[in-house]
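Heads up, the sequence shown is in our numbering, so the first residue is 528 and it goes up one at a time.
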Amino acid sequence: MDRLTLRRPDDWHLHLRDGAMMRAVLPYTARHFARAIVMPNLVPPVVTGRDAAEYRDRILSAKPVGSRFRPLMTLYLTEETEVRDLRAAAEIGLIAAVKLYPAGATTNSASGVRDFARVRRVLENMAQIGLPLLVHGEVADPDVDIFDREAVFIDRVLDPIRRDIPGLRVVMEHITTAGAADYVRDGGADLAATITAHHLVINRNHILAGGIRPHYYCLPVAKRESHRRALVDAATSGAAPFFLGTDSAPHTDAAKLQPCGCAGCFTAPNTLSILAEVFDTMGALDRLESFASLNGPAFYRLPANDDTVTLSRGEPVAFPDRIETADGPVTVFDPGMPLHWRVEG
Ligand code: NCD
Ligand code: ZN
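Pasting the structure below:
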């Protein structure tokens with residue numbers, strides 16, 4: 528097969544940032560994706576309905592002319608989040624989900640949750656109205672090894688919350704382990720997971736073997752090869768609880784390339800080419816549409832997109848090494864292998 532048409536994909540986990548950075552990166556997402564769940568970890572974070580409305584308007588005014596891209600907004604859950612504000616934002620369709628960052632777990636997560644008892648009432652209300660909770664599934668406990676933080680999060684945080692609040696709909700974001708894939712696969716209709724393109728093609732050797740490669744450093748950090756394979760199996764299975772969330776997370780090279788560099792890979796430009804390559808290699812191109820375009824809207828109870836994208840296979844596609852922004856260059860994720868599928872148009 529060398530041509531493939533699918534319903535237009537959505538990105539169920541995206542960092543657009545703000546200001547000049549947003550204006551530089553948004554066109555890459557708007558080119559391929561109809562909608563994206565926009566992460567609220569700005570500085571300061573998007574915590575109220577009003578913050579979300581203002582951020583949405585800034586995104587819409589930065590959108591390329593003629594683009595039909597729709598941002599789906601989220602609120603950043605804090606111990607101060609007010610039930611009334613959150614319910615009002617959900618009722619008018621302003622927000623599509625709420626994001627939980629354990630305090631200190633990742634980039635701009637200082638305002639996240641420390642004491643889960645303090646967000647219980649908010650979570651109960653979300654369960655009542657069916658509003659999904661998106662979790663950054665890592666504990667921030669310094670005593671837990673960074674490669675174990677996802678597994679420990681499931682045991683210590685996620686599973687207790689789900690038992691405590693039946694009916695709470697949860698997306699475990701950017702899963703990186705076989706254990707998380709198994710947990711989600713067996714978790715019933717209220718549990719799903721996003722998977723990034725980069726976690727399908729790198730393992731921890733890419734970050735650490737033969738020299739340290741900061742552009743492969745993201746959170747949750749890539750794990751060993753057996754986990755990467757389990758993620759490929761989950762994504763290419765086409766199973767309902769697994770869908771694409773790129774976690775495209777642009778940082779300037781200056782912020783990445785320093786003694787304490789930021790976490791995040793910028794994958795918006797080449798995610799669809801990477802996915803097509805991975806699914807092709809696995810003989811699973813017929814399931815790419817489920818993963819990229821159908822399973823996400825089904826979980827979010829939204830219609831799938833009615834237009835399509837067509838990918839075609841040919842000579843390896845060249846992507847820029849980096850894009851320029853007014854804040855400085857941002858390196859584009861390098862999958863380390865030739866990509867033969869290009870998005871037409
Ligand atoms: C994200 C960012 O840069 O905002 N970084 C990352 O490594 N994925 C935050 C996140 O999603 O953890
Ligand atoms: Zn993210």
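Each residue gets a CB set at the ideal place from its N, CA and C atoms; glycine is no exception. Bear in mind the structure is a predicted one, so any value in this text is a computation, not a measurement.
Asked, Found
"Opening and closing residue of the alpha helix (DSSP H) in which A654 lies", "647 to 656"
"Where D538 falls: helix, strand or coil (DSSP)", "strand"
"Any non-hydrogen atom of the ligand NCD closer than 7 Å to A624 Cβ", "no"
"Beta-carbon proximity check, L758 vs G823, cutoff 8 Å", "no"
"Boundaries of the beta strand (DSSP E) in which I564 is found, first to last residue", "562 to 565"
"The stretch 565 to 578 contacting the stretch 713 to 731, beta-carbon criterion three pairs below 8 Å", "no"
"Heavy atom of the ligand ZN within 7 Å of D774 beta-carbon", "yes"
"Any non-hydrogen atom of the ligand NCD closer than 7 Å to A551 Cβ", "no"
"Nearest neighbour of G788, chosen from G737, H742, T808, V859 [CA to CA]", "H742"
"Burial state of L588, where buried means 16 or more other Cβ atoms lie within 10 Å", "First, the amino acid is wrong: residue 588 is Ser here, not Leu. The residue is exposed, with fewer than 16 neighbouring Cβ atoms inside 10 Å."
"DSSP three-state assignment for V574, whether helix, strand or coil", "coil"
"Inter-residue spacing [alpha-carbon to alpha-carbon] between T556 and A795", "6 Å"
"CA-to-CA distance, M549 to A667, given in whole angstroms", "28 Å"
"Sub-8 Å separation of A853 and H542 beta-carbons", "no"
"Classification of I681 by the beta-carbon crowding that lies within 10 angstroms, buried from 16 upward", "buried"
"Per DSSP, the bridge partner or partners of R849", "T858"
"Three CB pairs or more closer than 8 Å across the stretch 620 to 635 and the stretch 587 to 607", "yes"
"Chain-order list of residues whose beta-carbon lies under 7 Å from that of M913 (same chain, five-residue window excluded)", "Since the first and last residues shown for the chain are 528 and 872, residue 913 lies out of range."
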